[in-house]
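Single-structure report; data block below.
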Amino acid sequence: MGSNSLAASAGLYQRARRIMPGGATRVTIWWPPHPPYAVSGQGCRVTDADGRVFLDFSNNFFSLIHGHAHPAIVAAVQAQAARGMAFGLPTQLDVELAEAICGRGVPGLSQIRFCNSGSEAVMFAIKAARAATGRPKIAKMEGGYHGAYDHVEVSYDSGPANWGAPDAPARNAYTKGTPPGVLADTVVLPFNDLPASLALIEAHARDLAAVVLDPIPSRVGMVPGTPDYLQGLQAACRRHGILLILDEIICFRLHPQGAQTLFGLQPDFTTLGKIIGGGQPVGAVAGTRDAMAVFDASMGRPVVPHGGTFSANPITMAAGIASLRLLDAAAHRHLDVLGEAVRDRMRAAIAAAGVPGQVTGMGSLFRLHLHDRPIRTYRDAYPTQAESARQSALFGFLLAHGILTTPNISGALSTPMTAAEVEEFGAALDAGLRAIA
Ligand SMILES: Cc1ncc(COP(=O)(O)O)c(C=O)c1O
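Residue numbers for the sequence shown follow my numbering, beginning at -2 and rising by one.
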């Protein structure tokens, strides 16, 4: 994997192994023999402890939309750090970041509350939906990722050995020891299969508080829900008094008014994270005024108490405000145009190498699959063992040649990138696909 002989990262990993299980603190950024250890980042490049420089398409799992150390974001963070990092009081900055998001004229983003991660945002949205409806269950997609809350982990990594019937996906625990009650209260839907999803929703309608939906779920394959599917799901929610929680933790980046505008959806709650924190830890639950009323503590104990020592901390708020200010219409256009270019270039690399493959994604997001089965559902995208092995080999090749993607070869563009970086990635992919052919 290229980092074998690199002394500094290897040394850090040996030290880490002594005091962290497996030598790592995040499951998503460990791979054999060990990842490179980052030292600094500037624009779209990251430098590791051994002085190697990577063109960064991971951007800390799609959270750094302006790349690393953007001067305006650094200045905002430094200025706030000097004024104080966190208070047991609200600040003007919470209000400003809330206004920056809720001032976009989108009913589903009328009000907002901040927390510290996307996982927390999803957890609070689900608690709010249960409280508002008095119902215990949620529905989510097979393969859909929404963070670490028990219920949304269900069937996140189902595979052929345990996934059950395509029209009634099995409820599989992701973490051993998940209480049976969690499985009983989670209905697993097959993404983009409307008849099967509607049948499952109808069978559980009286108990369902919410459907949790990412309209372009990256781990399901990063294909968008078809208009029929998304509208059909939303209509079923309305029919049965089930709340729609739209997870925009990644896909908020696709449109200035959010993915709900792009896909024509009117969710009750929207979960946000990643880019709204400008690179700092963040999450948020937004929603319609009606839906968000459950959090209102101004009249006494709220229906859903929501706190958090670091929620809306001023460093995150300052970074988020600076980041969203930079993400103007021109920045969105730049990312969209470059996104088309990178997906086209990836398709050209696949064609030139003569290997099975395809590219999914939209806007500034991409994912490469090393097979050419048409992808509509999680099961279509799911790689065979041989395809997984080729994917790991390609990821390793790219890393060794200065390109950082996520381990499943997905990525997100950042505003400092240009056509030159697209070509740099394309050339590495040309070589990588030939090498694994
Ligand atoms: C769609 C989606 N929802 C939720 C989360 C969880 O966010 P966090 O890692 O900030 O807890 C993620 C993280 O990758 C995500 O991609």
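Beta carbons: idealized from backbone N, C-alpha and C, even for Gly.
Top-ranked residue by Cα proximity to residue i, from the options
i	options	result
residue 47	16, 66, 56 and 10	10
residue 271	416, 234 and 119	119
residue 434	250, 351, 80 and 209	351
residue 279	333, 106 and 305	305
residue 171	417, 102 and 146	146
residue 274	320, 185, 36 and 27	320
residue 37	318, 152, 101 and 50	50
residue 255	202, 415, 100 and 375	100
residue 203	127, 269, 186 and 151	127
residue 322	98, 58, 34 and 380	98
residue 288	44, 206 and 392	206
residue 60	317, 377, 390 and 124	317
residue 218	354, 379, 185 and 429	379
residue 194	201, 221 and 186	186
residue 93	139, 315, 164 and 56	315
residue 232	208, 387 and 251	208
residue 174	151, 431 and 54	151
residue 269	91, 113 and 55	113
residue 251	325, 391, 123 and 265	325
residue 199	210, 184 and 341	184
residue 25	177, 427, 125 and 216	216
Any non-hydrogen atom of ligand 1 within 7 Å of residue i CB
i	result
residue 247	yes
residue 280	yes
residue 58	yes
residue 211	yes
residue 116	yes
residue 144	yes
residue 293	no
residue 244	yes
residue 215	yes
residue 119	yes
residue 270	yes
Cut-off 7 Å between Cβ atoms - residues of its own chain near residue i, not counting five sequence neighbours on either side
i	result
residue 238	130
residue 329	253
residue 78	312
residue 421	52
residue 384	367 and 368
residue 225	191
residue 332	360, 361, 410 and 412
residue 403	55 and 58
residue 307	83 and 113
Same chain only: Cβ atoms within 6 Å of residue i, ignoring 5 sequence neighbours per side
i	result
residue -1	A caution first: residue -1 carries a pLDDT of 42, below 50, which makes its placement in the model unreliable, though a value can still be read off. Hits under 6 Å: 396 and 397.
residue 425	395, 398 and 400
residue 3	47
residue 292	110, 299, 301 and 303
residue 235	none
residue 220	357 and 372
residue 347	354
C-beta contact flag for residue i and residue j at 8 Å
i	j	result
residue 104	residue 263	yes
residue 182	residue 135	yes
residue 363	residue 411	no
residue 309	residue 111	yes
residue 312	residue 74	yes
residue 179	residue 148	yes
residue 115	residue 413	no
residue 223	residue 245	no
residue 290	residue 419	no
residue 65	residue 43	yes
residue 377	residue 387	no
residue 155	residue 166	yes
residue 214	residue 138	yes
heavy atom of ligand 2 below 7 Å from residue i C-beta
i	result
residue 301	The model depicted lacks ligand 2 and carries ligand 1 instead.
Counted within 10 angstroms of its Cβ, other Cβ atoms place residue i as buried (16 or more) or exposed
i	result
residue 86	exposed
residue 1	Per-residue confidence for residue 1 stands at a pLDDT of 46, beneath the threshold of 50, marking its modelled position as unreliable; the derived number appears in the next sentence. By the neighbour-count rule (16 or more Cβ atoms within 10 Å), residue 1 is not buried but exposed.
residue 168	buried
residue 343	buried
residue 133	exposed
residue 374	buried
residue 423	buried
residue 84	exposed
residue 16	exposed
residue 415	exposed
residue 444	Here the chain has residues from -2 to 434 only, and residue 444 is not among them.
residue 340	buried
residue 159	exposed
Residues of its chain near residue i, where Cβ-Cβ distance is below 8 Å and the 5 sequence neighbours each way are ignored
i	result
residue 81	311
residue 19	27
residue 12	none
residue 33	0, 3, 6, 45, 46, 47, 49, 51 and 396
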